[in-house]
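What follows is a short report on a single structure.
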Amino acid sequence: MLIRILAVALKEIRQLSRDTRMLFVLFLFPVVLLILFGYAISFDVHHAKLGVFDKDKSEASRNFVKVLTSSEYFDLVTIIRNESEIKNDLDRQVVQAVMVIPENFSQNFYSNREVKLQILVDGVNGNTAAILQNYINTAVLSYSQKLAKEVTDVTAKKTYAPIKVEPLFWYNPTLNSTYMLIPGLIAMILVLTAVISISLSIVREKEKGTVEQILVSPVSSTELLVGKVLPYIFVSLFIGALILVLSYFLFGLVVKGSLIDLFLTTMLFVFASLALGIFVSSIAKSQQVAFQLATLVSMLPATILSGFIFPIESMPPVVQIITNITPAKFYLTILKNIILKGTSFNVFWPDVIYLNLFAFFFLTLAILINKKSRIA
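Our numbering numbers the first residue of the sequence shown as 180 and each following residue consecutively.
Encoded structure:
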């Protein structure tokens, strides 16, 4: 059995290496999509999830929080009770930013002393973090000027700026956009390699009639599928590893989490993508149709709906629900947690469960569609 599977895999590798058009599509198509869709959707951030750690608990601090969350830019999702909750909420993406209001906030203000606020921002998505920083700075400056005017009107003293903000970005302190894009780039290329390649490979055998010749041989349908899947698993893993290695030498990106977790979750994502590709091959009758379907169900959702380029939090609620159709959304969350945050399995285990369910669902669906065919 192993010999037959290896023979099919070697045949697939030779066939792929001779198909220059497929190799061209694999490496150029994602770049074209990125250019086409990169300027089509707004990067504005609305209803960002904000947490507040109010050490002062005064009327002035409550009024400040009320002013900050009165616009469409911020939603107050949690009141943090102690410092240990800050890291937990940022790790689990309960909040995107945390505002720490110091003790004696109101006392220092009304005593004409400088007041400093601390803003902790999730810097994994550098673009979103920079926008949030600008929003917070603008809101604080506006509120500070309002308070300064009130003090001036009452005391006739010269206007001053009572509040200053000291932002501190976690996970991506320099807001390097490259660090934000690399996980999405890995997910996009892996789903391209897996879904499009395996679907075209299987449909090509059907279209040319060679699948019947293979199936009348001692090779079973299971051995055929396994043999065809193996090369693309290794190709996908090699591409992902290559991107990480180049990212380390070119940009200094270091994987902060477990390499074992990264390897296992990548294998799971590749398997889920291959399951989707097998499903596409089960309903496509030609390579042209298979390519169009594979692009529609993999590349477009992975680019637009995964959070790779456009923040999911800024999308309308209905679109946020639709984003669950792509496994790249959940794999991207896993990658950011492992590569940038260095978190453990207990943080992203729900995403791992989804990838398992996704793979099982589409494999089962493909088998049901092809229950009369030996390919399934």
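No residue lacks a Cβ here, since even glycine has one placed at the ideal position from N, Cα and C.
DSSP places Phe253 inside the beta strand (DSSP E), whose first and last residues are Phe253 to Ile258. Rounded to whole angstroms, the separation of the alpha carbons of Glu492 and Ser196 is 41 Å. Using a 10 angstroms sphere on the CB of Asn283, the tally of other CB atoms stays under 16, which defines it as exposed. Gly456: not part of any beta strand (DSSP E); member of the alpha helix (DSSP H) spanning Leu438 to Ile462, first to last residue. According to the DSSP secondary-structure assignment, Leu229 is paired through a beta bridge with Leu255 and Ala276. Ile517 has its alpha-carbon roughly 26 Å from the corresponding atom of Val476.
Taking the CA atoms as reference points, Leu296 sits about 22 Å from Gln272. Leu514 has its alpha-carbon roughly 22 Å from the corresponding atom of Ala227. A residue is called buried when at least 16 other Cβ atoms come within 10 angstroms of its Cβ; Glu262 does not meet this threshold and is exposed. The straight-line gap separating the alpha-carbon atoms of Val449 and Ala373 is approximately 7 Å. Collapsing the DSSP output to three states places Lys234 in coil.
For a cut-off of 8 Å, the C-beta gap from Asn304 to Pro490 is around 7 Å, short enough to register as a contact.
Proximity of the region 462-479 to the region 431-450 falls short of the contact definition, fewer than three beta-carbon pairs being nearer than 8 Å. Thr357 and Leu429 have their alpha carbons spaced roughly 11 Å apart.
Thr248 sits in coil when the DSSP states are folded into three classes, being neither helix nor strand. DSSP, read as helix, strand or coil, puts Val476 in helix.
In the three-state scheme derived from DSSP, where H, G and I count as helix and E and B as strand, Gly388 is classed as coil. Between the alpha carbons of Leu311 and Asn242 lies a distance of about 20 Å. In its chain, beyond the 5 residues on either side, Ala538, Phe541 and Leu542 have a beta carbon closer than 6 Å to the beta carbon of Ala454. Rounded to the nearest whole angstrom, the CA to CA distance from Ser485 to Leu511 is 7 Å.
For Thr444, the number of other beta carbons within 10 angstroms of its own is at least 16, and it is reported as buried. When DSSP states are grouped into helix, strand and coil, Met494 belongs to the coil group. Put simply, of Gly431, Tyr411, Phe527 and Phe458 the residue whose alpha carbon is nearest the alpha carbon of Leu189 is Tyr411. Of all alpha-carbon atoms in Leu371, Gly419, Thr482 and Leu299, the one lying nearest the alpha-carbon of Lys266 is that of Leu299. In this structure, DSSP gives Thr522 a state outside helix and strand, which the three-state scheme calls coil. Taking the Cα of Val256 as reference, the smallest distance to any Cα among Gln194, Gln275, Ala308 and Ala420 is reached at Gln275. For Asp270, the enclosing alpha helix (DSSP H) begins and ends at Ser263 to Asp270.
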